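Enquirer: Sending over a structure as C-alpha cells; questions will come in a sec.
Protein chains: 2
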Amino acid sequence: MKLFEMETPCLVLEKGKLQRNIERMCTQVGQLGARLRPHLKTAKCIEVARMALATQSGGITVSTLKEADYFFEHGITDLLYAVGIASIKLDHVAELTKRGATLTIILDSLEQAQAAAHKAQMHGVTLPVMIEIDSDGHRSGVTPDDPLLVEIGRMLHQSEHLQLKGVLTHAGDSYGCKTIAEIQHFSAIEREGAVRCAENLRQAGLACPTVSVGSTPTATYAMDYADVTEVRAGVYMFYDLKMAGLDVCSIEDLALSVAASVIGHQRQKGWVITDAGWMALSSDRGTAKQKIDQGYGVVCDMEGRPYQGLIVVDAYQEHGIIAKRPGLGKELGWHNFPIGSMVRILPNHACATGAMHDRYHVVDGTAEVIGIWHRINGY
Amino acid sequence: MKLFEMETPCLVLEKGKLQRNIERMCTQVGQLGARLRPHLKTAKCIEVARMALATQSGGITVSTLKEADYFFEHGITDLLYAVGIASIKLDHVAELTKRGATLTIILDSLEQAQAAAHKAQMHGVTLPVMIEIDSDGHRSGVTPDDPLLVEIGRMLHQSEHLQLKGVLTHAGDSYGCKTIAEIQHFSAIEREGAVRCAENLRQAGLACPTVSVGSTPTATYAMDYADVTEVRAGVYMFYDLKMAGLDVCSIEDLALSVAASVIGHQRQKGWVITDAGWMALSSDRGTAKQKIDQGYGVVCDMEGRPYQGLIVVDAYQEHGIIAKRPGLGKELGWHNFPIGSMVRILPNHACATGAMHDRYHVVDGTAEVIGIWHRINGY
Chain A
1 MKLFEMETPC LVLEKGKLQR NIERMCTQVG QLGARLRPHL KTAKCIEVAR MALATQSGGI
61 TVSTLKEADY FFEHGITDLL YAVGIASIKL DHVAELTKRG ATLTIILDSL EQAQAAAHKA
121 QMHGVTLPVM IEIDSDGHRS GVTPDDPLLV EIGRMLHQSE HLQLKGVLTH AGDSYGCKTI
181 AEIQHFSAIE REGAVRCAEN LRQAGLACPT VSVGSTPTAT YAMDYADVTE VRAGVYMFYD
241 LKMAGLDVCS IEDLALSVAA SVIGHQRQKG WVITDAGWMA LSSDRGTAKQ KIDQGYGVVC
301 DMEGRPYQGL IVVDAYQEHG IIAKRPGLGK ELGWHNFPIG SMVRILPNHA CATGAMHDRY
361 HVVDGTAEVI GIWHRINGY
Chain B
1001 MKLFEMETPC LVLEKGKLQR NIERMCTQVG QLGARLRPHL KTAKCIEVAR MALATQSGGI
1061 TVSTLKEADY FFEHGITDLL YAVGIASIKL DHVAELTKRG ATLTIILDSL EQAQAAAHKA
1121 QMHGVTLPVM IEIDSDGHRS GVTPDDPLLV EIGRMLHQSE HLQLKGVLTH AGDSYGCKTI
1181 AEIQHFSAIE REGAVRCAEN LRQAGLACPT VSVGSTPTAT YAMDYADVTE VRAGVYMFYD
1241 LKMAGLDVCS IEDLALSVAA SVIGHQRQKG WVITDAGWMA LSSDRGTAKQ KIDQGYGVVC
1301 DMEGRPYQGL IVVDAYQEHG IIAKRPGLGK ELGWHNFPIG SMVRILPNHA CATGAMHDRY
1361 HVVDGTAEVI GIWHRINGY
C-alpha cells in the first residue's frame, strides 16, 4: 500500500526518524547517569512504547488511566501516572494494582494523601506514591522549602497502604524559553528543586528512593543529573514545530505529519484548500508566540520535504488553507498542487495532532506504508 | 449513576437544553419556508441525530466519510458530505452509494467534476453533486458570477453518472461578526449568492432543484429564505461560548460541558488546578478575539450554574488552571473547590471539545446520568 492510496487526512509516522530520536534521547540521558522513563502521552501506541523501551529496561509514564489500562494490557506493568490524582480515580488505580500493575500515583496535598490511604486500605492494596514538586512556578506541586512537603511525606510514610516512592517535578516553563542557555537554566532548576526536596525528606527520616525530573527541552540540554534517578520526556520521540522553534531538534527530525488532499484553489487569494483542517491538525497554535509562527503547520511534499515559505495559514473543521507566509506574496507554485494531489503537513504540537487520529500510517523514507499502528485517545 | 461517580474528565450533555435548542432552530427555519438539513459534525452521535430529525423529515449533513458510514449504518440514508470532494475518496463514496446511501458530494472545480464522472462510471453508480458557491469570500467555492459555475454545471449535466442537484454555500465569515445586524447582512448575502447561482444555472438550461445555505449564526438571524430549499447548521444543537459571544444564544442554552475534578490548589497564585486540560477541553480559543475572552472555558458548579468571573485561564495536556478573570484578583471562594470536588466547564467550541471524547454522559437538569451516548471521531 502506498501513502497516495490512503484516504486523507491521515497521520503519517516516519519510523527511521522515530528510531533516531529515541536513540538520541536515551544516549543523552544515559550519559548523565540517569534512566529514561518515556512518557507515552504523545504516542499512546504500544509499538512506539516498545521501541522507546528497547534500549533500556524500566517502566513508562502515562497521562491518563486509559493509557495505563492500555499499556498494562499490552504487557507493560511499571506505570507512573503523572497527573495529580483525583479521588474519583482511586478505585480504578486500586483495580489495576490488584490485577498486577505497579502503578505509581502523584499528589501534592494532604487531602489527596488521605484519600489515597483510605482507598488503598479499603481495597487492600499498597500504592506507590510520589510527591509532586513545583520547581519553576509552572503549575502544580509543593515548593521545595514548604514544610507541607515533609508533612505529606510523613502521612504517606505512616500509612500502611501507601509507599513513599520519591519526588517528581516537571519544568514546564522551559517550553517558553527563547535560548538554549535559558533551557539549561530550567534544567538546572528542575534538578535542584527535586534533589533539595529529596534531601529535605531524608533529613526528616523519610525514604526517597526516586528523584524524577523532566521535559523534552530540559532533558535535551541537561548538563548534570547528579542525584536524579529518572527522567521523563515524551514528545522527543516525534518532535514537532514547537520543539524545532525551541532549537530542541531540527525540522528534519520531525517524525509525524498529516497527509492531506488538495480539494480546491482560490488563485486570486493565493490559497490552496486541503481537507486537513483543525480536526486533522488540532487547533494547537503553539508556535504563535515563537520566533517563527508556523500557522497550523509547515507544508511538505509527499516525501516530507518542506516547500519554502508555505504554511497552513488558517484552519476550519475540515478545511486547511495553504498559502505563503505573510508578506511573501500569492505565487505559491500552483503546478505543485493540482486538485487531487497530496501534501504532508508538519504539526505544531505532536501530542495534540496525534490525538485527532486513531492510527499511524508508518513509512520509512519512501511512500510505501509498512505498517498501520493503532493508538488510543480520550478517557 | 450520578455525575459525581463518573471518572473525570468527562463530557456532559443536558438533554432538555438540547431538545429546546433543536426545536427552536426547526421553528426558525420552518417559519421562513425552508427545510433544515442538520449538520452532525458537532454531535457525531446517532441519538442526537434522531432528536434533530424528529420534528422534520429529510436527511443530514456530515463532515467526514466516517460520519457518512456511521449514520448510514444507523439507518440514515440521505447524506450530504459538505466538504469539497477529494478524488481519493470517490471509491468510498461509490461504495456507500452501492450499499444504498444517497450520498451527495460537493465540488467547485472542473477537475473534481471530471474525477467524479470517471469514478462514478467505473463503479456504475449515479452520484448526486452540488456546486459549492463562495458567497462571502470565506473559504471555498465558485463566486456567483464566475463563468466557471455554468461550465461545471454543464459538465455535471452531461455526465451520465452524475446528477446536478443544486448549489450550496456557507457564510463562514458570519462567525466573526460583532453585531446581530452584521449577521443578518451575512445571512442575506448567503441567500442572495446561492439564489443567483441557481438562476444562472437555470438560465443556462440546467436544473438546480436544491439551493442550500447555512451556518448557525446566519440561520438564527435569517429574515428571508425565499428560493432557498434547505438550511444547514450544526452547532445550534449544543451551542457554545463562541455562539453566546455572537449573541446567537445565551450561556443558559449551552447543552455541553466537561466535568472535571479539583486536583490541586496554588493559593498564592489564586489557582485551582483541575484534571481537564486541553486534551479534555480542546485547544480551541475561539472566544479570544470576541468581546469577552473566556479563556479555555467558563467554570460552573455541578448543576451547570456559572461561578461569577471564574474561567479556565490556562490549559496543559491534562491540567486546567481555574482562576478569576484577569483583573479580578485571587480570591475565588476556595470553599467551593475542595480537593476532590468537581466542576463543570462550558467550552468555547462544542465541535472541538466534543471531538476529544468518545461518549456523552447525558443528564437532564439533575446530577443523575440518564444515558451514555457514544460518538465517533476522526477518520
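The listed protein sequences derive, respectively, from chains A and B. Here our numbering is used: the first residue of the first sequence is 1, the next is one more, and so on. Here our numbering is used: the first residue of the second sequence is 1001, the next is one more, and so on. Ideal placement from N, C-alpha and C gives every residue a C-beta, glycine not left out. Owing to the predicted nature of the structure, the values given are computational and were not obtained by experimental measurement.
(1) To which residues does DSSP link lysine 2 of chain A through a beta bridge?
(2) Can the beta-carbon of valine 167 of chain A be found closer than 8 Å to that of cysteine 208 of chain A?
(3) Run through chain A and tell me which residues come within less than 7 Å of alanine 1086 of chain B, C-beta to C-beta.
(4) Please tell me whether glycine 1153 of chain B has its Cβ less than 8 Å away from any Cβ of chain A.
(5) Please look up how many angstroms separate the CB atoms of isoleucine 322 of chain A and tryptophan 271 of chain A, rounded, as I've assumed it's under 8 Å.
(6) Who pairs with proline 1306 of chain B in a beta bridge, going by DSSP?
(7) Can you round the beta-carbon distance between valine 258 of chain A and valine 83 of chain A to whole angstroms, since I take them to be within the 8 Å contact cut?
(8) Check distances from the C-beta atoms of the segment 350-374 of chain A to those of chain B and list, in chain order, the residues that come in under 9 Å.
(9) Got a sec: is the Cβ-Cβ distance from glycine 172 of chain A to anything in chain B below 8 Å?
(10) Based on the DSSP output, what are the partners of histidine 39 of chain A in its beta bridges?
(11) Among residues of its own chain, excluding the 5 on either side of alanine 198 of chain A, which ones have a beta-carbon nearer than 8 Å to its beta-carbon?
(12) Once the 5 residues before and after isoleucine 106 of chain A are set aside, which same chain residues still bring their CB inside 8 Å of it?
(13) Using DSSP's beta-bridge definition, name the partner residues of proline 381 of chain A.
(14) So, with DSSP's three-state summary, where would you put cysteine 10 of chain A?
(15) Report the CB separation of isoleucine 273 of chain A from histidine 319 of chain A in whole angstroms; it is logged as a contact under 8 Å.
(16) Measure the alpha-carbon distance for aspartate 364 of chain A versus isoleucine 372 of chain A and round it to whole angstroms.
(17) Buried or exposed: where does serine 57 of chain A fall if 16 or more other Cβ atoms within 10 Å of its Cβ makes it buried?
(18) According to DSSP, simplified to helix, strand and coil, what is serine 187 of chain A?
(19) Is the beta carbon of isoleucine 1311 of chain B closer than 8 Å to that of lysine 1044 of chain B?
(20) Comparing the C-beta of arginine 139 of chain A with each C-beta of chain B, is any distance below 8 Å?
(21) From B/Asp1275, B/Gln1112, B/Gln1308, pick the residue whose C-alpha is nearest to that of proline 1009 of chain B; which is it?
(22) Assuming isoleucine 1152 of chain B is part of the alpha helix (DSSP H), what are its boundary residues?
(23) For the beta strand (DSSP E) containing threonine 1102 of chain B, name the first residue and the last one.
(24) Hey, is the segment 1213-1228 of chain B in contact with the segment 1022-1038 of chain B, meaning 3+ C-beta pairs nearer than 8 Å?
(25) Taking its Cβ as the centre, do 16 or more other Cβ atoms sit within 10 Å of alanine 34 of chain A, making it buried, or is it exposed?
(26) Taking alanine 115 of chain A as the query, report the chain B residues whose CB atoms sit under 9 Å from its CB, ordered along the chain.
(27) For chain A, check one thing: does any of its Cβ atoms lie closer than 8 Å to the Cβ of methionine 1051 of chain B?
(28) Got a sec: which bits of the segment 1296-1322 of chain B sit with their beta carbon under 9 Å from any beta carbon on chain A, in order along the chain?
(29) With DSSP as the reference, please indicate the residues paired to threonine 210 of chain A in a beta bridge.
(30) Given that methionine 1279 of chain B touches chain A, what residues does it touch there, using C-beta distances under 7 Å?
(31) What in chain A is Cβ-close to tyrosine 1236 of chain B, meaning under 7 Å?
(32) Name the chain A residues that come within less than 9 Å of glutamine 1112 of chain B, Cβ to Cβ?
(33) I'd like the list of long-range same chain contacts for threonine 55 of chain A, defined as Cβ closer than 6 Å, with 5 residues on each side in sequence excluded.
(34) Could you tell me whether the segment 1237-1245 of chain B touches the segment 1278-1296 of chain B, where touching means 3 or more Cβ pairs closer than 8 Å?
(35) Would you mind telling me which residues of chain A sit closer than 8 Å to aspartate 1284 of chain B, beta carbon to beta carbon, in chain order?
(36) Give every residue of the same chain whose Cβ lies closer than 6 Å to the Cβ of serine 1187 of chain B, excluding the five residues on either side of it in the sequence, and list them in chain order.
Expert: The short version:
(1) Counting from one through the first sequence, the residue named residue 2 of chain A turns up at place 2. Partner(s): A/Glu368.
(2) In the first sequence, counting from the first residue as 1, residue 167 of chain A sits at position 167. In the first sequence, counting from the first residue as 1, residue 208 of chain A sits at position 208. It is a contact, given that the beta carbons lie within the stated cut-off.
(3) Taking the second sequence and counting its residues from 1, one reaches residue 1086 of chain B at position 86. Under the 7 Å cutoff, chain A gives Thr8, Ser261, Ile263, Asp275, Gly340.
(4) To locate residue 1153 of chain B, count along the second sequence from 1; it is residue 153. So no, glycine 1153 of chain B is outside the interface.
(5) Against the first sequence, residue 322 of chain A aligns to sequence position 322. Against the first sequence, residue 271 of chain A aligns to sequence position 271. Confirmed, about 7 Å.
(6) Here residue 1306 of chain B refers to the residue found at position 306 of the second sequence. Answer is B/Cys1300, bridged to proline 1306 of chain B.
(7) By one-based count along the first sequence, residue 258 of chain A stands at place 258. By one-based count along the first sequence, residue 83 of chain A stands at place 83. Not confirmed; about 27 Å, so no contact.
(8) If the cut-off is 9 Å between Cβ atoms, the segment 350-374 of chain A has Cys351, Ala352, Ala355, Met356, His357, Asp358, Arg359 near chain B.
(9) The residue labelled residue 172 of chain A in the question sits at position 172 within the first sequence. Yes, glycine 172 of chain A lies at the interface with chain B (some Cβ there is under 8 Å from its Cβ).
(10) Against the first sequence, residue 39 of chain A aligns to sequence position 39. A/Thr61, per the DSSP bridge assignment.
(11) Indexing the first sequence from 1 puts residue 198 of chain A at position 198. Cβ neighbours of alanine 198 of chain A beyond the five flanking positions: Gly166, Val167, Cys208, Val211, Asp227.
(12) As a first step, residue 106 of chain A is located in the first sequence; it is residue number 106 there, counting from the start. Its chain contains Leu80, Tyr81, Ala82, Val83, Gly84, Ile85, Val129, Met130, Ile131, Glu132, Leu168 as the residues whose beta carbon lies nearer than 8 Å to that of isoleucine 106 of chain A, once the 5 sequence neighbours on both sides are disregarded; these appear in chain order.
(13) Residue numbering for chain A in the displayed model covers 1 to 379; residue 381 of chain A lies beyond these limits and cannot be assessed.
(14) Translated into positions along the first sequence, residue 10 of chain A becomes position 10. Three-state result, cysteine 10 of chain A: strand.
(15) In the first sequence, the residue the question calls residue 273 of chain A occupies position 273. In the first sequence, the residue the question calls residue 319 of chain A occupies position 319. About 6 Å; that satisfies the 8 Å criterion.
(16) Position 364 of the first sequence, counted from the first residue, corresponds to residue 364 of chain A. Position 372 of the first sequence, counted from the first residue, corresponds to residue 372 of chain A. So the alpha carbons of these two residues sit roughly 12 Å apart.
(17) As a first step, residue 57 of chain A is located in the first sequence; it is residue number 57 there, counting from the start. Answer is exposed; the Cβ neighbour count stays below 16.
(18) On the first sequence, residue 187 of chain A is found 187 positions in, with the first residue counted as 1. Helix.
(19) Counted from its first residue, the second sequence places residue 1044 of chain B at position 44. Counted from its first residue, the second sequence places residue 1311 of chain B at position 311. Going by C-beta atoms, lysine 1044 of chain B is not nearer than 8 Å to isoleucine 1311 of chain B.
(20) Working through the first sequence from its first residue, we reach residue 139 of chain A at position 139. Yes, arginine 139 of chain A counts as interfacial toward chain B.
(21) Within the second sequence, numbered from 1, the residue matching residue 1009 of chain B stands at position 9. Nearest C-alpha to proline 1009 of chain B: B/Asp1275.
(22) Counting from 1 along the second sequence, the entry for residue 1152 of chain B is found at position 152. Looking at the DSSP string, the run of the alpha helix (DSSP H) that includes isoleucine 1152 of chain B is 1148-1158.
(23) For this step, residue 1102 of chain B is matched to residue 102 along the second sequence. Note, threonine 1102 of chain B: beta strand (DSSP E), 1102-1107.
(24) yes
(25) The residue you call residue 34 of chain A lines up with position 34 of the first sequence. Burial call: buried.
(26) By 1-based counting over the first sequence, the position of residue 115 of chain A is 115. Under the 9 Å cutoff, chain B gives Ile1339, Gly1340.
(27) For the purposes of this step, residue 1051 of chain B is taken as the residue at position 51 of the second sequence. Answer no: the Cβ-Cβ gap between methionine 1051 of chain B and chain A never drops below 8 Å.
(28) Asp1314, Tyr1316, Gln1317, Glu1318, His1319, Ile1321: these are the residues of the segment 1296-1322 of chain B whose beta carbon lies less than 9 Å from some beta carbon of chain A, given in chain order.
(29) Stepping through the first sequence from its first residue, residue 210 of chain A is reached at position 210. DSSP, once it has assigned bridges, lists A/Gly166 as partnering threonine 210 of chain A.
(30) To locate residue 1279 of chain B, count along the second sequence from 1; it is residue 279. In chain order, Ala355 make up the part of chain A whose C-beta sits under 7 Å from the C-beta of methionine 1279 of chain B.
(31) Taking the second sequence and counting its residues from 1, the one referred to as residue 1236 of chain B is at position 236. By Cβ distance, chain A contributes nothing, its closest Cβ being about 15 Å from tyrosine 1236 of chain B, past 7 Å.
(32) Along the second sequence, read from residue 1 onward, the residue named residue 1112 of chain B stands at position 112. Those within 9 Å of glutamine 1112 of chain B in chain A are Ile263, Gly264, Ile339, Gly340.
(33) Here residue 55 of chain A refers to the residue found at position 55 of the first sequence. These residues qualify, in order along the chain: Cys26.
(34) yes
(35) As a working note, residue 1284 of chain B is residue 284 in the second sequence. Result: Trp278, Ser283.
(36) In the second sequence, residue 1187 of chain B corresponds to position 187, counting from 1. Closer than 6 Å at Cβ, skipping near neighbours: Thr1218, Tyr1221, Ala1222.
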